[in-house]
Structures are given as C-alpha cells and as structure tokens.
Amino acid sequence: MSEKTFQLSVTTPEQVFFEGSVRSIVAPGGLGRLGILVNHAPLITTLVPGFLVITSAEGEKRELSIGPGFLDVSNNHVTLLTETVSQEKAA
Amino acid sequence: MGVTLRELKGRIRSAKKTQQITKTMQMVAASRLKKSEQTFRRAKPYYEKMELILSHLMASSGEVTHPFFEVRDVKTIGLVVVTSDRGLCGAYNSSIISQAESFLKAPRSQEVKLILIGKKGHDYFQKREWPILFSILDLGGTPDYQRISGITDQVVEAYLSGVLDEVHVLHTNFISAMSTKPVLKKFLNVQQEKGAEKSDSTSDFILEPDFSTIIDQFLSRQITSRMYSALLESFTAENSSRMVAMKNATDSANEMIDHLSLMGNKARQAAITNEILEIVTAGEAMKA
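If you're matching them up, the sequences are chains A and B in order.
For the record, in the first sequence the residue sitting at position 1 is 24 according to our numbering, with numbers rising by one throughout.
For the record, in the second sequence the residue sitting at position 113 is 1344 according to our numbering, with numbers rising by one throughout.
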C-alpha cells in the first residue's frame, strides 16, 4: 500500500493547503492535463488554472480548483505551488 | 515643598490615564503580533519551496540568459524602504531610516532612486534631496498577496524598462519578539547559484513546456514571493516593536505614578504635621 503512494504538498503564498501521501494526482499542466503516479520521473512544469484531482492513499477522490502555478516532481515528492486554491468539493 | 497636593493629584491622574492608553495599545499590538507572526510562518513554506524549485531548475540547465540574471552596467539603483504607516513603535522606523540614509550617503557613482513603502518613510524622505520613484502609502499593515504582487510588478517593470538597473530592499528582520534588525537584500538582478544542488541524484528534470517558458513565469512569481515574505516579516517586526515600546511606556508610567504618589504622601504628611504644630502652638499660647 505504502509503496504506491507519494508525498504531495499543495502550497499557496498564504498557507500550506494540503500535505500528505496520495496515490495519484491529475493536474492541469501547461501542455495539457497530466497524471502523476508513484515513481514519476523528475519533472518541472507550469500549471494553468483548472482542476486538480487528488486520489488519496485510501482511494478517495478530491477535487480542488487551482490558479496558475508550478509543479515539481522529484524523488516521490510532489510540490505544487499555486497562488490560489479554492475550497474543495466532492468529485 | 514646591508643589501642592492638588497639583500632584492631577499629575497622578494624568499619568494613570496615559498608562491606560499605552497598556491598551500594548495589548492590541500583542494580538496583532500574534496574528502577523502566524501569517508570516504560514507563508514561509511557499517561499522555501520556491527556492527549492529554483535550485532544481538551475541544476537542470546550463547557462541561463534571462533579464533577471543580466549583469548590467549599473547606473541607477532602486532602493525599496519598508517602514510603517503609523508611529509609536519605538526605534522601528528610525533604525530603518538611518540604515537607508547611510546607504544613500555612501559614496558611489550610481544614482539611487527610492521606492517607499509606508507612510513614515515617505514623510521623512519627501523633505530630503533624494529622488523618489514612487511611494506606497495605503498598505496599512495588512499584507495582501494580490496587492503586494501589484507593487512587485511595478518594481519589476521599472527594472525591465531600464529605469532601475538594480533593486535592493531594506526591511526589518524579525528575530524574536524582543529583537528586530534592519536588513538589506539584493532582489534584482538575481544572483545565480551555480550547481549548488548537484548532489541531488535527480538533477535531470523533464521540463514542460521548456526551460525559458518556465523560468519566465517562475522568476516573476519568485520575486513576488520574496517581496511578500519581506513585507510580512516587516509587519511582524513592526507589531513587536510597537508592543515593546508600549510596554516600556506602561512601565515608565508605573514608575512615575509610584514616584508621584510618594511625593503626594510626603506632601500630605507635611500638611498634617503643620496643622498639628499650629494647633499645639495655639494651645500653648492660650495656656500662657
């Protein structure tokens, strides 16, 4: 179970919005939506405003709407920086 | 005894009133300090992660050419001075201003233009000889990311259009509630740290869409984040300075009240002694 998860943090200038281990995320990248699973290759990309879908370690799905920002993947640590995150809603 | 009892009583009353005000202000500053310190601490991860991504970016590319990294023949330096809008905060503003003055007075061939954030700095430098590029007077100690982003854009624009060749920021460092210190940081051009993160095993990043697009968007955000962090820290320091200043004022008001009450007691006793003396003397005179 724990082998299939990675660390995700969603951070805005005002606060750390989300931090924890997740199974997958789908983010609105600058070149189109991209999914990230465990052991993803190191990556840095821009993000455009859109929806971020997080699948938690328990398989639960959450959807956040985010503003423009950046995504950094390295060593199973995913750092998502964005200026705005709106309150989540059930996906 | 030069002062009458009545006068002393009046002075004690006014000292007590002043003390009440300073005490209230101290408490207000303390609660604001708590709030702004929290905001500052919460904002820190974003700033730190920005730095992390930047180091990843730098590690995965060779020579970078971007206006922000450009080393120019410096003719004009922009100095951003962060002060408070309101007074009664001890040495907070004066130490920043004296730092700014020593920067301005240092012998150099370049011209220095001021960007003033905060009313106190504006009031001071308005009457001085140095040119002011622009002032921000309505921030009011409430750091709002959108607003600060706007200010940063103005600064960056001045840099990109060649009005300024370098940008330095002078703000106050918040070390603890009791100790704050003015610091000068260079914001632009951005210094390149070369290969500091090479030890990272994963230095070959996939970059989407490509390096120049990312760095373009990234650097302007990074500058904003640095400015935001600097301002939050300054506001925190401002509140802590005000709290300490008001605590000192309350304490000295206390001391003054003690001193005045002592004098008042002495005056009252002297008056009573005098009266007794008069009565006794009168009695003696009647007996005789």
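Using N, Cα and C, we set each Cβ at its ideal position, and we do this for glycine too.
CA-CA distance, residue 1277 of chain B to residue 105 of chain A, rounds to 9 Å. Per the coordinates, the alpha-carbon of residue 1417 of chain B lies some 21 Å from the alpha-carbon of residue 1353 of chain B. Under the DSSP definition of a beta bridge, residue 1404 of chain B partners with B/1412.
In this structure, the straight-line span from the alpha carbon of residue 1247 of chain B to that of residue 1472 of chain B is close to 23 Å.
Residue 80 of chain A and residue 52 of chain A have their alpha carbons spaced roughly 22 Å apart. DSSP places residue 1392 of chain B outside both helix and strand once states are collapsed to three, so it counts as coil.
In this structure, B/1469 is the residue among B/1499, B/1494, B/1514, B/1469 with its C-alpha nearest to the C-alpha of residue 1264 of chain B. Taking C-beta atoms as the reference points, residue 1419 of chain B and residue 1390 of chain B count as a pair closer than 9 Å.
Not flagged as an interface residue toward chain A: residue 1385 of chain B, since no C-beta distance is shorter than 9 Å. Taken in chain order, the members of the segment 46-78 of chain A whose beta-carbon sits within less than 7 Å of a beta-carbon on chain B are 52, 53, 54, 64, 65, 66, 67, 68, 69.
Residue-level contact by beta carbon fails for residue 110 of chain A and chain B, as no gap is shorter than 9 Å. Residue pairing by DSSP leaves residue 1274 of chain B without any beta bridge partner. The contact set of residue 1283 of chain B on chain A, defined by CB atoms closer than 8 Å, consists of 95, 102 in chain order.
According to the DSSP secondary-structure assignment, residue 51 of chain A is paired through a beta bridge with A/56.
Out of B/1394, B/1321, B/1369, B/1387, the CA that lies nearest to the CA of residue 1362 of chain B is found in B/1394.
A contact between stretches requires three or more CB pairs, one per stretch, nearer than 8 Å, and the segment 1434-1450 of chain B meets this requirement with the segment 53-67 of chain A.
With three or more CB-CB distances shorter than 8 Å, the segment 1232-1245 of chain B counts as touching the segment 1485-1496 of chain B. Taking all protein chains shown into account, residue 1506 of chain B has fewer than 16 neighbouring C-beta atoms within 10 Å of its C-beta and is therefore exposed.
Excluding its 5 nearest sequence neighbours in each direction, residue 90 of chain A has C-beta neighbours in its own chain below 6 Å: 72, 105, 106, 107, listed in chain order. One finds 64, 65, 66 in chain A with Cβ atoms closer than 7 Å to the Cβ of residue 1437 of chain B, taken in chain order. The count of Cβ pairs closer than 8 Å, one atom from the segment 1457-1464 of chain B and one from the segment 1330-1341 of chain B, stays below three, leaving the stretches out of contact. A direct Cα-to-Cα measurement between residue 1373 of chain B and residue 1252 of chain B gives close to 23 Å.
Secondary-structure assignment with DSSP links residue 1325 of chain B through no beta bridge to anything.
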